[in-house]
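**Q** Residue numbers (UniProt numbering): 1 to 245.
(1) Determine contact between the stretch 11-20 and the stretch 145-159, defined as no fewer than three beta-carbon pairs at a distance below 8 Å.
(2) Cα separation between residue 132 and residue 184?
(3) Over what stretch of residues does the alpha helix (DSSP H) that includes residue 131 continue unbroken?
(4) Would you kindly report the start and end of the unbroken alpha helix (DSSP H) that includes residue 242?
(5) Please give me, in chain order, every unbroken run of the alpha helix (DSSP H) with length at least 4 that falls completely inside the stretch 150-225.
(6) What span of residues does the alpha helix (DSSP H) with residue 82 cover, start to end?
(7) How big is the Cα-Cα spacing for residue 12 and residue 116?
(8) Here's the rule I'm using: 16 or more other beta-carbon atoms within 10 Å means buried, otherwise exposed. How should residue 119 be labelled?
(9) Going by alpha carbons, who is nearest to residue 27 out of 213, 170, 130, 110?
(10) Here's a check: name, in chain order, each residue in its chain whose Cβ is nearer than 6 Å to the Cβ of residue 95, leaving out the five neighbours to either side.
(11) Could you tell me the alpha carbon to alpha carbon distance between residue 60 and residue 103, rounded to whole angstroms?
(12) Identify the continuous alpha helix (DSSP H) that holds residue 110 and give its terminal residues.
(13) For residue 217 and residue 224, what's the separation of their Cα atoms in angstroms?
(14) Among 24, 77, 79, 88, which residue has its Cα nearest to the Cα of residue 65?
(15) In whole angstroms, what separates the C-alpha of residue 149 from that of residue 20?
(16) Could you name the residues of the same chain whose beta carbon sits closer than 8 Å to that of residue 165, not counting the 5 residues immediately before and after it, in chain order?
(17) With a cut-off of 8 Å, do at least 3 Cβ pairs link the stretch 202-210 to the stretch 51-60?
(18) Roughly how many angstroms lie between the CA atoms of residue 221 and residue 212, to the nearest whole one?
(19) Would you mind giving the Cβ-Cβ distance between residue 34 and residue 187, rounded to the nearest angstrom? I have them listed as a contact below 8 Å.
(20) If you draw a straight line from the C-alpha of residue 82 to the C-alpha of residue 68, how long is it?
(21) Which value, in whole angstroms, describes the spacing of the CA atoms of residue 74 and residue 23?
(22) So residue 155 and residue 200 are in contact, right, with Cβ under 8 Å, and what is the actual spacing, rounded?
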């Protein structure tokens, strides 16, 4: 009987290609549909195609992309729009932090760490939490880079497609496409949630947003996020204390 062959780890490029293949899935389709809508919006506001594509690559997050287009179309200064886009992207910081234990970037080139952080958006965050635990530790960074490259390429291509389809796609349909990513994020987040506190936070946040929308002061998301998350944490902690011996 022959001896078992020693384990041969994949090369860094093999992990990168594996990440590219993982990007060719439902998240890429949802993301592409969303950025078709964004490309159509950019064309409608008269933004040059090159600028629309550059914004997709550099800003990446859909909501911030729309803030850029809307701000410039309203006549706001570049500085004001840039600050607003930057502030809107602060919401991605907790997502970056939650992925750090999987990527282990301490001994990596700072440029690689910055690129990994730049790739983090709702879609890749959900997929990263789902897929990274299945990847060997030494291959997670190249896999993540491949996943991010694939999703970003899909979004950039879709932006160009939406830009050229702007005169064909009805405005209402373009607006509807923009809601696909939030809906996908909500469903994926709930299905990947494991802890009770995670599911409670989603539920309390959802219904809290409905209740807070009646206030109408523009802080509905803050109320729903802070309030729902705090209540969920309190309920889950109380449950753990009761179950403790």
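Beta carbons are placed, not taken as given, at the ideal position from N, Cα and C, and that holds for glycine. Since the structure is predicted, the reported quantities are computational estimates derived from the model, not experimental observations.
**A** In terms of the structure at hand:
(1) The stretch 11-20 makes contact with the stretch 145-159; the number of CB pairs closer than 8 Å reaches 3 or more.
(2) Cα-Cα distance, rounded: 19 Å.
(3) Unbroken alpha helix (DSSP H) run through residue 131: 122-131.
(4) Counting along the chain, the alpha helix (DSSP H) containing residue 242 begins and ends at 220-243.
(5) Within the stretch 150-225, the complete alpha helix (DSSP H) runs of at least 4 residues are 171-177, 180-192, 196-212.
(6) Note, residue 82: alpha helix (DSSP H), 78-88.
(7) Taking the straight line joining both Cα atoms gives about 15 Å.
(8) Buried, by the Cβ-count rule.
(9) Across the set 213, 170, 130, 110, the C-alpha of 130 shows the shortest separation from the C-alpha of residue 27.
(10) Spatial neighbours of residue 95 in its own chain (CB-CB distance under 6 Å, excluding positions within 5 residues in sequence) are listed in chain order as 120, 125.
(11) Linking residue 60 to residue 103 through their CA atoms gives a straight-line distance of about 20 Å.
(12) Judged by DSSP secondary structure, residue 110 falls within the alpha helix (DSSP H) whose first and last residues are 110-119.
(13) Straight-line measurement puts the Cα of residue 224 at about 13 Å from the Cα of residue 217.
(14) Among 24, 77, 79, 88, the Cα nearest to that of residue 65 belongs to 88.
(15) About 7 Å.
(16) If we look at residue 165 and ignore the five residues flanking it on each side, its Cβ neighbours are 36, 39, 40.
(17) Contact fails: fewer than three Cβ-Cβ distances are below 8 Å.
(18) Their Cα atoms are separated by approximately 8 Å.
(19) About 14 Å separates the two Cβ atoms, so there is no contact after all.
(20) The straight-line gap from Cα to Cα measures roughly 8 Å.
(21) Rounded to the nearest angstrom, the two C-alpha atoms are 35 Å apart.
(22) That pair is no contact at about 32 Å.
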